[in-house]
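Input: a single structure, listed below in structure tokens.
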Amino acid sequence: MPIATVNPATGETLETFDAFGPDEIERRVQLASDAFARHRTTSFAERAGLLNRAADLLEQDQQGIARTMTTEMGKPLAAARAEAAKCAKAMRWYAARAEELLADEHPPEADVTDSGAARATVRYRPLGVVLAVMPWNFPLWQVVRFAAPALMAGNTGLLKHASNVPRTALYLEDLFRRAGYPEGCFQTLLVGSDAVEKVLRDPRVAAATLTGSEPAGRSVASVAGDEVKKTVLELGGSDPFIVMPSADLDRAVATAVTARVQNNGQSCIAAKRFIVHADIHDAFRERFTAAMRDLTVGDPMDESTDVGPLATEKGREDLEQLVDDALARGATAQCGGRRPPGRDRGWYYEPTVLTGVTDAMRIHREEAFGPVATLYRVAGADEAVALANDSPFGLSSNAWTRDEAEIERFSRDLEAGGVFFNGMTASHPALPFGGVKRSGYGRELSGHGIREFCNVTTLWHGKDEEA
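Each residue of the sequence shown is one higher than the one before, starting from 5 at the first, in our numbering.
Here it is, written out as structure tokens:
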């Protein structure tokens, strides 16, 4: 895939970029290594000052970087502005809390004595250069939620961004430079996926984090495993959205629409499989279908647009194949199921609701990365849990119920990294984020996220020091 800015609303190639050659990659890896030797010794106060300055600049740049993201990957402009604001918030959150999150820990005195020590401490120390392989769907947020904690922990970063968002990738490097970070602390590598393995195998690179597809995760994890390097993977998701009879149906329907079409339906944590109790299934289907049908599909730069184009032509083709397979095998499109009539330019797809989906259809198992929902009818909580867990993925999940017994059941049995009750799955700096099964491993955000790329070090002092 060429490194290029291609407007998905028109299909027009706006700018192409040359990939870095071996010499430039080498120069940047060495810069990152040299910067780590210095950055690791800075104080939390120094790091916080730099990150807060980056947040200030990002807020000033909000409108411009929002337009860049919308131009490169098609998200509605309002959503792009909100993404930039969320990134600034996360920067400030880690700047304010990193020192506390990474504070030395002191085991109980009895355990220290039993270990034969006069004193013992657990300290979190940075690992080194972290390679981040990031996707296009949240081109700012996915990077910041790695970069903010990694930099506050004392690491340095190398970003290999998706090849269709190069302007955003270069903006991020420039943002941290303008904030005052020393040369090499955060750099963008304009390279194709074929260059990732060599960078990851470089002994100066300590670890990697990847958000993206399952095949990409397997590739990076395989190389990192061979090199015995730490990785964090956030891969695909096919999140269930369970609605039980006690739910507030109006709120559940309204949230279901947003949860499915946020970011034009291109979100790993977007609800994709809607599992509704038989007692309310028909009412939910009617309201949900009507609301999906009424969404405005159009130019993402237009403030009235609800759903913009898919980010890539290949992405639309993949989504069409999933829907066409389901329809051919007996599913019914309650709405959508096609490209919008009259739109010959751009990679648009109508918001779609499919019923009659069975396990013989690809969409039952595969992630639909676009504004396509599958709707299922279940008889009760047992069937809802079984269907929700009948997926290779386990990123997050939603459950709508006011029944405490059902809440406890879903809390215990849903196989996912998160269970959101009576609300939409969302990421927040204070809450750990990640999945199970083929959705990956490790956690981003919160204290768990900042500690992922730390050396958890035991400091043990013998009793002779007390003499």
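For every residue, glycine included, the Cβ atom is placed at its ideal position computed from N, Cα and C.
Contact set for residue i: own chain, Cβ-Cβ below 7 Å, skip 5 residues either direction
{"i": "A364", "result": "R333"}
{"i": "L331", "result": "A337 and G341"}
{"i": "V460", "result": "V126 and Y128"}
{"i": "R123", "result": "V116 and H465"}
{"i": "V169", "result": "E76, M77, W140 and P143"}
{"i": "N11", "result": "L18 and T75"}
{"i": "A23", "result": "I7, L194, V195 and G196"}
Nearest neighbour of residue i, chosen from the options [CA to CA]
{"i": "A89", "options": "E317, M77, A99 and A70", "result": "A70"}
{"i": "Y445", "options": "L61, R32, M138 and L214", "result": "L214"}
{"i": "A13", "options": "D254, S37 and E76", "result": "E76"}
{"i": "A211", "options": "S197, E218, D198 and S226", "result": "S226"}
{"i": "A256", "options": "W404, R413, V423 and M156", "result": "W404"}
{"i": "K467", "options": "P244, L204, A94 and S119", "result": "S119"}
{"i": "P313", "options": "E371, R347 and D329", "result": "R347"}
{"i": "P344", "options": "D60, E324 and R406", "result": "E324"}
{"i": "V382", "options": "E231, R291 and V247", "result": "V247"}
{"i": "F292", "options": "A121, E50, P6 and P375", "result": "P375"}
{"i": "F397", "options": "A409, I367 and R406", "result": "I367"}
{"i": "A315", "options": "L463, D328 and N267", "result": "N267"}
{"i": "P304", "options": "L81, E371 and L204", "result": "L81"}
Length of the line joining the Cα atoms of residue i and residue j
{"i": "H452", "j": "G216", "result": "20 Å"}
{"i": "K174", "j": "K79", "result": "For the sequence presented, residue 174 should be read as Leu rather than Lys. Computed Cα separation, rounded: 19 Å."}
{"i": "R42", "j": "A36", "result": "10 Å"}
{"i": "A52", "j": "T356", "result": "45 Å"}
{"i": "G241", "j": "T17", "result": "30 Å"}
{"i": "I411", "j": "G427", "result": "13 Å"}
{"i": "V209", "j": "A154", "result": "14 Å"}
{"i": "E19", "j": "L176", "result": "18 Å"}
{"i": "V335", "j": "H281", "result": "According to the sequence shown, residue 335 is Ala rather than Val. Their backbone Cα atoms lie some 19 Å apart in a straight line."}
{"i": "L131", "j": "E456", "result": "9 Å"}
{"i": "M73", "j": "S431", "result": "19 Å"}
{"i": "A541", "j": "D27", "result": "Past the edges of the chain, shown from 5 to 471, lies residue 541, and the structure says nothing about it."}
{"i": "M95", "j": "D65", "result": "15 Å"}
{"i": "L61", "j": "G68", "result": "11 Å"}
{"i": "F373", "j": "D322", "result": "8 Å"}
{"i": "A260", "j": "F245", "result": "8 Å"}
{"i": "T192", "j": "E218", "result": "23 Å"}
{"i": "T46", "j": "D38", "result": "14 Å"}
{"i": "D243", "j": "V389", "result": "12 Å"}
{"i": "I284", "j": "S395", "result": "24 Å"}
{"i": "R406", "j": "S250", "result": "5 Å"}
Test item: CB-CB of residue i and residue j under 7 Å
{"i": "N141", "j": "Q270", "result": "yes"}
{"i": "I273", "j": "L399", "result": "yes"}
{"i": "G188", "j": "R57", "result": "no"}
{"i": "L418", "j": "P436", "result": "no"}
{"i": "G413", "j": "A385", "result": "Here residue 413 turns out to be Arg, not Gly, going by the sequence shown. Yes, they are a contact pair."}
{"i": "A92", "j": "F48", "result": "no"}
{"i": "L299", "j": "D310", "result": "yes"}
{"i": "V423", "j": "S443", "result": "no"}
{"i": "M138", "j": "V147", "result": "yes"}
DSSP bridge partner residues for residue i (one or two, in chain order)
{"i": "L135", "result": "L162 and A212"}
{"i": "P244", "result": "R277"}
{"i": "T123", "result": "It is Arg, not Thr, that sits at residue 123 in the sequence shown. BP columns for R123 point to H465."}
{"i": "R297", "result": "Per DSSP, none; premise fails for R297."}
{"i": "F424", "result": "N402"}
{"i": "C339", "result": "V357"}
{"i": "N11", "result": "E16"}
{"i": "E109", "result": "V126"}
{"i": "Q191", "result": "L162"}
Contacting residues, own chain, Cβ-Cβ under 6 Å from residue i (five flanking each side not counted)
{"i": "W97", "result": "P433"}
{"i": "A377", "result": "R264, F278 and V357"}
{"i": "R447", "result": "P436, G438 and G453"}
{"i": "A471", "result": "With a pLDDT of only 47 at A471, under 50, the local geometry of the prediction cannot be trusted, and no value is derived from it."}
Cut-off 8 Å between Cβ atoms - residues of its own chain near residue i, not counting five sequence neighbours on either side
{"i": "A287", "result": "L253"}
{"i": "T262", "result": "M428"}
Cβ of residue i within 7 Å of any chain B Cβ
{"i": "F21", "result": "Included in the structure is just one protein chain, with no chain B present."}
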